[in-house]
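For reference, the structure discussed in these notes is given below.
Numbering (our numbering), first residue to last: 1 to 300.
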């Protein structure tokens, strides 16, 4: 059995192109569903927004670093955890927040803000925290990772389709209204199928290390949700806002992480398995939490 740090997942150029297109459609679909009023939430709920963004871009990467030092997993698994933590919130967080009777307007505003900020914050957070831990720093040196190259790639994957989608939403609102639901369902379905297919195509590798990957993702995801909810509770945000912040912090754009892993790390085993399993597990954990919360009262 190969060491997980020596494994490279099986992805041909066509599959990578398909994943790039799917992620672009996902972000475009998110953007055309947005209005200027969504961004006004940033002004109307400044404290909740600040708590959410602090949890997303400051606390989660820092606590992930501490978890990595405590667990001391294989370097590629540690690097995968750090990359996922540096990614913005995932697009499904808005749906899960709504189902959980959380503040959906806050969730949408946090998703939009974190996605735009990710063009700068994802490369900075990832490069900084990964360089602080010697085993992951060694991998960064080996691949000669450039934060500027990473920033350019994140812009092409997230910033560009988001910008085009927002412009179309503003100038062609009727078309955007008709297109948003088909795009949302299409992109979510194909992304789910793609991630599942990626795991099945590399099932032997996944099963060989299932214990390590599942445990790492479970602890990491539980920690992310706890950071969001606990921080919001300590600062006395309304219950609906606490749920939105918790879900936004716990649902990460692992699709972005997976693409960056193949673009910059040639599908490094532990990293790719972590990102792929995150893409499935955070939906399971998020919906489980949403079902629990949906049966309890929430005040917006």
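Just so it is clear, CB atoms sit at the ideal spot from N, CA and C, and this is done for glycine as well.
Under a Cβ-count criterion, where at least 16 other Cβ atoms within 10 Å of its own Cβ denotes burial, should residue i be classed as buried or exposed?
i: residue 247; result: buried
i: residue 279; result: buried
i: residue 49; result: buried
i: residue 22; result: buried
i: residue 73; result: buried
i: residue 236; result: exposed
i: residue 289; result: buried
i: residue 172; result: exposed
i: residue 266; result: exposed
i: residue 252; result: buried
i: residue 277; result: buried
i: residue 181; result: exposed
i: residue 286; result: buried
i: residue 143; result: exposed
i: residue 112; result: buried
i: residue 184; result: buried
i: residue 197; result: exposed
i: residue 138; result: exposed
i: residue 239; result: buried
i: residue 176; result: buried
i: residue 261; result: buried
Hey, out of the options, whose CA is closest to residue i's CA?
i: residue 75; options: 31, 130 and 294; result: 130
i: residue 98; options: 49, 164, 241 and 217; result: 241
i: residue 18; options: 111, 101, 195 and 136; result: 195
i: residue 273; options: 216, 284, 293 and 288; result: 216
i: residue 106; options: 145, 45 and 121; result: 45
i: residue 82; options: 133, 269 and 184; result: 133
i: residue 281; options: 294, 268, 218 and 159; result: 218
i: residue 68; options: 270, 220, 24 and 261; result: 220
i: residue 95; options: 113, 243 and 139; result: 243
i: residue 160; options: 178, 185 and 117; result: 117
i: residue 259; options: 250, 245 and 275; result: 275
i: residue 249; options: 70, 60 and 203; result: 60
i: residue 192; options: 262, 47, 71 and 254; result: 254
The ligand NAD heavy atoms versus the CB of residue i: any closer than 6 Å?
i: residue 159; result: Here there are no bound small molecules, and the ligand NAD is not part of this structure.
By DSSP's criteria, residue i is part of a beta bridge. Which residues make up the other side?
i: residue 89; result: 252
i: residue 259; result: BP columns for residue 259 are empty, so no partner.
i: residue 166; result: Note: residue 166 sits in no beta bridge, so no partner.
Assuming residue i contacts residue j (C-beta within less than 8 Å), just tell me the rounded distance between them.
i: residue 164; j: residue 28; result: 6 Å
i: residue 26; j: residue 91; result: 6 Å
i: residue 158; j: residue 119; result: 6 Å
i: residue 108; j: residue 223; result: Actually they do not touch by this definition, with Cβ atoms about 24 Å apart.
i: residue 156; j: residue 264; result: Between residue 264 and residue 156 the Cβ distance is about 13 Å, and since that is not below 8 Å, they are no contact.
i: residue 162; j: residue 115; result: 6 Å
i: residue 207; j: residue 79; result: So it is not a contact: roughly 21 Å between Cβ atoms.
i: residue 32; j: residue 212; result: That pair is no contact at about 39 Å.
i: residue 51; j: residue 245; result: 6 Å
Can a CB atom of chain C be found closer than 7 Å to the CB of residue i?
i: residue 288; result: Absent here is chain C; the protein component of the structure consists of one chain.
Specify whether the segment 53-66 and the segment 227-236 touch according to this definition: at least 3 beta carbon pairs, one from each stretch, less than 8 Å apart.
-> With a cut-off of 8 Å, the segment 227-236 and the segment 53-66 count as touching, because enough Cβ pairs lie within range.
Looking at C-beta atoms only, is the number of pairs between the segment 119-135 and the segment 83-91 that lie closer than 8 Å three or more?
-> With a cut-off of 8 Å, the segment 83-91 and the segment 119-135 count as touching, because enough Cβ pairs lie within range.
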